[in-house]
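Take a look at the structure set out below.
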Amino acid sequence: MKNIKNQPKEAIRAIMLKRFLHILIYLFSFAVALTAFYPFLVMIVSSTHDTYNIVAKINILPGDQLVRNFNRLTQYINLRRGFLNSLFLAVVTSVVQIYFTAMAGYAFSKFKFKGQNFLFGVVLVAMMIPGQISIIGFYKQIQDMGLINNYIPIIIPAIADCFAVFFYKQFLDSGLPNELVEAAIADGAKEITIFHRLVIPIMKPALVTKGVMSFIGSWNSYLKPLILLNDKDKMTLPLMIATVRDSTHADFGAQYIGMVISVIPLVIIFIFSSRIIMNNISVGSAIKG
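In the working numbering, the protein residues as written are 30 to 318.
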């Protein structure tokens with residue numbers, strides 16, 4: 030380290046100011062991280078207490094009700110069934126959404142067709158409209174089609190994820206040179222072949238990033254499964270957990286341990302996917318360079 034005493038006063042002030050700013054940044058980052066982690070801490074601690082202590086007290090230290098809460102949870106719901114239902118919906122919805130929205134984003138980015146700007150404007154406007162506004166009409170339409178208690182109306186609408194289309198278009202505008210597409214066309218490649226063998230590999234960082242977001246969103250989805258799924262054997266894990274209650278009121282202890290179990294797969298996926306995302310971004314940057 031440099032000896033501060035041998036530095037001029039102006040340099041010493043600059044060094045001290047820089048160190049002070051670094052300390053502020055670290056403190057601010059720690060505060061943000063602590064604030065973000067606090068809900069998870071409350072969830073974990075509450076999963077070790079019974080309903081009375083959760084409602085009547087502020088719990089800071091873990092309790093001794095973890096095993097009892099878990100036993101009651103498994104009595105109320107079929108935990109394995111709920112986990113498999115959520116996993117199936119999250120995987121299928123994410124795959125369907127990624128494939129078709131990536132295709133739409135590629136079309137908006139590289140194709141030139143009549144009404145292109147108008148249609149993309151519709152995508153942008155639709156992206157800003159909350160989905161809850163149309164939930165009543167959506168339920169009525171699904172009811173008329175006889176698709177209540179069916180996974181189809183949960184999976185198929187994922188194709189129309191406007192943010193994903195916008196996200197992929199913006200990525201391809203800068204990440205896929207037009208010359209590559211033109212060269213592939215000149216070599217006689219069909220459009221579907223270009224999409225599968227050229228576009229998708231280049232889009233891998235964006236696909237992984239949005240895929241993780243889609244998986245987490247589908248796993249945590251509550252509103253659509255709530256209004257469409259009445260059969261308990263078809264309910265997702267978050268929906269099953271919300272139904273946990275004893276004869277008179279909600280069993281918060283069992284619900285909190287269910288929430289902890291529900292979050293574990295998301296944490297594991299995020300840990301592994303974040304590393305994949307960073308590696309893909311590094312490879313993509315090297316290719317572009």
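We put the CB at the ideal spot given by N, CA and C, even for glycine.
Per-residue DSSP class, three states only, for Ala-43:
helix
Under three-state DSSP, which class holds Ala-133?
helix
Alpha-carbon to alpha-carbon, Asp-190 and Gln-126:
7 Å
When the distance is taken between beta carbons, is Val-292 closer than 9 Å to Met-72?
yes
If I'm right that His-286 touches Leu-95 with Cβ under 8 Å, what's the distance once you round it to whole angstroms?
For clarity, residue 286 is Ile in the given sequence; the question names His instead. Between Leu-95 and Ile-286 the Cβ distance is about 7 Å, and since that is below 8 Å, they are a contact.
Alpha-carbon spacing of Lys-47 relative to Ala-65, whole angstroms:
27 Å
Range covered by the alpha helix (DSSP H) that runs through Asp-260:
Premise fails: Asp-260 is in no alpha helix (DSSP H) and is neither H nor E.
Can you say whether Met-45 is buried or exposed, counting buried as having 16 or more other CB atoms within 10 angstroms of its CB?
exposed
Helix, strand or coil at Ala-218 [DSSP, three-state]
coil
Hey, which unbroken runs of the alpha helix (DSSP H) at 4 residues or more fall wholly within the segment 202-250?
207-215, 220-223, 233-248
Residue from Val-61, Thr-77, Ile-298, Leu-50 with nearest C-alpha to Gly-240:
Ile-298
Do you know how far the Cα of Asn-249 is from the Cα of Phe-57?
29 Å
Starting from the C-beta of Val-210, find all residues in its chain whose C-beta is less than 6 Å away, skip the five residues before and the five after it, and write them out in chain order.
Lys-139
For Tyr-67, does the count of other Cβ atoms within 10 angstroms reach 16, so buried, or fall short, so exposed?
exposed
Roughly how far, in whole angstroms, is the beta-carbon of Gly-134 from the beta-carbon of Lys-198, given that I think they are within contact range, below 8 Å?
4 Å
Among Ser-303, Asn-146, Ile-188, the one whose alpha carbon lies nearest that of Ala-235:
Ser-303
Could you tell me the boundaries of the alpha helix (DSSP H) in which Met-148 lies?
Note that residue 148 is Leu in the sequence shown, not Met. Residues 145-156.
Under the rule that 16 or more other beta-carbon atoms within 10 Å means buried, what is Lys-253, buried or exposed?
buried
When DSSP labels each residue in this structure, what does Met-30 get in the three-state scheme?
Its pLDDT being 47, under 50, Met-30 is placed unreliably by the model, and nothing is read from it.
What are the partner residues of Ala-279, as DSSP defines its beta bridges?
Arg-274
In three-state terms, what does DSSP make of Gly-92?
coil
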